[in-house]
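Residue numbers (the working numbering), protein chains in the order written: chain A, 263 to 552; chain B, 263 to 552. Beta carbons: idealized from backbone N, C-alpha and C, even for Gly. Structure, as structure tokens:
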């Protein structure tokens, strides 16, 4: 499975998840890759070709494209079609969908917690969603039938499904995903600034910790700009909490407050074993990478 | 190779790196592990047994133990013995060594950039230093002969050796290692605080980014308290730079400053490919962990 542009799925067959897959993609380089890799899917040149034929439409574009695509799709959409997306923040998208989508069609948002710092058709993996969470968004306007069918779709490709409101989603992921990405970008930026100020060649010593952050900071910039902008209130609050805690650490360090710093370092250590226990990460030192 | 307590090396043989290895270890549990794993090394009960017989002494203890150990070792030390350590910050240790070590013996500091979030004899690996940097510290008082012999030792066990002053070392690693660790601890702490305030069960969604930070934040707390305290001035300055940059990111996000944020996100991305090119990390998406 891989995500690029818009994927339309025709689900006639009972045995397979999809009978036909249509792909609408702007990037010529991505289209060339899809063809070269012989990925299953028919590339359509006009949006309506995919929209009219499909039972399930999955938008896999930056969130800043939603409005534009909704306006283009509106006249072709059928009321029975399930429409979803895989964006990483939900409340702002929900507002855009409510404002611009034709009133007689429904959109049920998804957020599969899967993927890595690379993107594009060549980085797809058949088991990318296997045992990974997929959050489905439930609002007042959500159709129970669509939610249930969409849940079945994600479960069939391996996901564990959980349902929540867009408000709760955006709060949780502001801390577990959006802040970590921002912090990683910010740490790498600070290292670059320091390198310039000091005129030291320091990246070659990055194995001491910095390299971990550089992976996340190599993620797609358009995708992350959209996430940061769309979830700005929660992220802003998360930054404030982070800075408050960092200043407290700084105070402990400068005053050599042994008791206070050890309490923090011991407490945070517990989260790793919880994450391993919940099978959210590999149970090997150093991610098993060496 | 594995580090625990103090390692003394007798280097009579020309063919092997060490003829005999003596280990002085306080922890009964570690001693039991060393015996169970049949690791090469003779456990000595009294410090002087190892000190007197060895050509090379490697302190692999938390840096807060140096003063105490120096005072205990002083009367047994021979002037010809090369003494080193593997501590992660150097200027403060250098001051302690200068103040308490007997004046007719020499200590040449090492810092191998290797290891992971786990510690103890069971986590040793034969190739842990292979192609990893080892920083040797050169000061006015450093004996050229000791520096050269110590460099040969590290190279023989696979390291790439680089020599620098303690001042330069502590500046570089405040950014490439100490700040990343502090930031990781602080992010996990902030997630824990948020979980309490919101009463959300959010750790199970950590695959979105948080889990990466939890690995580093699972590192040994005594070791890291000592590093933070010993390099507090550089770390404090690094925190200030980090917070300044984070506030700038926050401003970009709140004002949706597209140009400014994209410039930052694109610029930071470059560091990852530099790190991969310098072979400081594995060249696979997601550290190859899935």
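query	result
Three-way DSSP call (helix, strand, coil) for residue 292 (chain A) in this model	helix
Where residue 547 (chain B) meets chain A, residues with beta-carbon distance less than 7 Å	378, 379, 380 and 385
Of the residues A:319, A:331, A:420 and A:402, the one placed nearest residue 345 (chain A), counting alpha carbons only	A:319
Amino acids of chain B, ordered along the chain, whose beta-carbon sits closer than 7 Å to that of residue 476 (chain A)	533, 534 and 537
Contacts around residue 500 (chain A), its chain only, beta-carbon distance under 6 Å, and the 5 residues preceding and following it disregarded	436, 437 and 441
Three CB pairs or more closer than 8 Å across the region 466 to 476 of chain B and the region 535 to 544 of chain A	yes
8 Å contact criterion, which residue 364 (chain B) and residue 336 (chain B) should meet: CB distance rounded	5 Å
CB of residue 479 (chain B) within 9 Å of CB of residue 534 (chain A), strictly	yes
Within-9 Å CB hit, residue 470 (chain A) to chain B	yes
C-alpha distance - residue 301 (chain B) paired with residue 488 (chain B), whole-angstrom precision	28 Å
Segments of 4+ residues assigned as alpha helix (DSSP H) that fall wholly inside the region 282 to 363 of chain A	290 to 298, 309 to 315, 328 to 335 and 353 to 362
Burial state of residue 421 (chain A), where buried means 16 or more other Cβ atoms lie within 10 Å	buried
Residues of the region 424 to 444 of chain A whose Cβ lies closer than 9 Å to any Cβ of chain C, in chain order	No chain C appears in the structure shown, which is made up of the protein chains A and B.
Residue from A:304, A:464, A:458 and A:517 with nearest C-alpha to residue 426 (chain B)	A:464
Beta-carbon neighbours of residue 391 (chain A), restricted to chain B and to distances below 9 Å	Simply none; closest approach about 11 Å.
Proximity test, Cβ basis, 9 Å: residue 419 (chain B) and chain A	no
Closer than 9 Å to chain B by CB, residue 544 (chain A)	yes
C-beta contact flag for residue 449 (chain B) and residue 497 (chain B) at 9 Å	no
Option in B:407, B:530 and B:483 with minimal Cα separation from residue 341 (chain B)	B:407
Member of A:288, A:282 and A:400 whose CA lies at the smallest distance from the CA of residue 303 (chain A)	A:282
Spatially closest choice to residue 519 (chain A) from B:424, B:361, B:491 and B:515, by CA coordinates	B:491
Start and end residues, alpha helix (DSSP H) containing residue 536 (chain A)	520 to 539
Residues near residue 295 (chain B) in its chain [Cβ-Cβ closer than 7 Å; skip 5 each side]	382, 383 and 384
Reduced DSSP category for residue 508 (chain B) - H, G, I as helix; E, B as strand; rest coil	helix
Within chain A, the residues that residue 526 (chain B) reaches when beta carbons sit closer than 7 Å	447 and 451
Where residue 549 (chain B) falls: helix, strand or coil (DSSP)	helix
Cβ of residue 338 (chain B) within 9 Å of any chain A Cβ	no
Unbroken alpha helix (DSSP H) run spanning residue 219 (chain A), endpoints	The structure shown does not extend to residue 219 (chain A), since chain A spans only 263 to 552, so no value can be given for it.
Inter-residue Cα distance where the pair is residue 324 (chain B) and residue 299 (chain B)	23 Å
Through-space distance from residue 434 (chain A) to residue 290 (chain B), alpha-carbon basis	43 Å
Expected contact under 8 Å - CB spacing of residue 455 (chain B) and residue 351 (chain B) to nearest Å	Residue 455 (chain B) to residue 351 (chain B), Cβ: 28 Å. No contact.
Cutoff 7 Å; reference residue 482 (chain B); Cβ partners in own chain excluding five residues on either side	381
Test: residue 416 (chain A) CB closer than 9 Å to a CB of chain B	no
Identity of the residue in A:523, A:389, A:468 and A:374 nearest residue 484 (chain B) by Cα	A:523
Per-residue contacts from residue 480 (chain B) into chain A (C-beta, under 7 Å)	531 and 534
Residue nearest to residue 288 (chain B) in terms of C-alpha spacing, selected from B:269, B:278, B:279 and B:280	B:269
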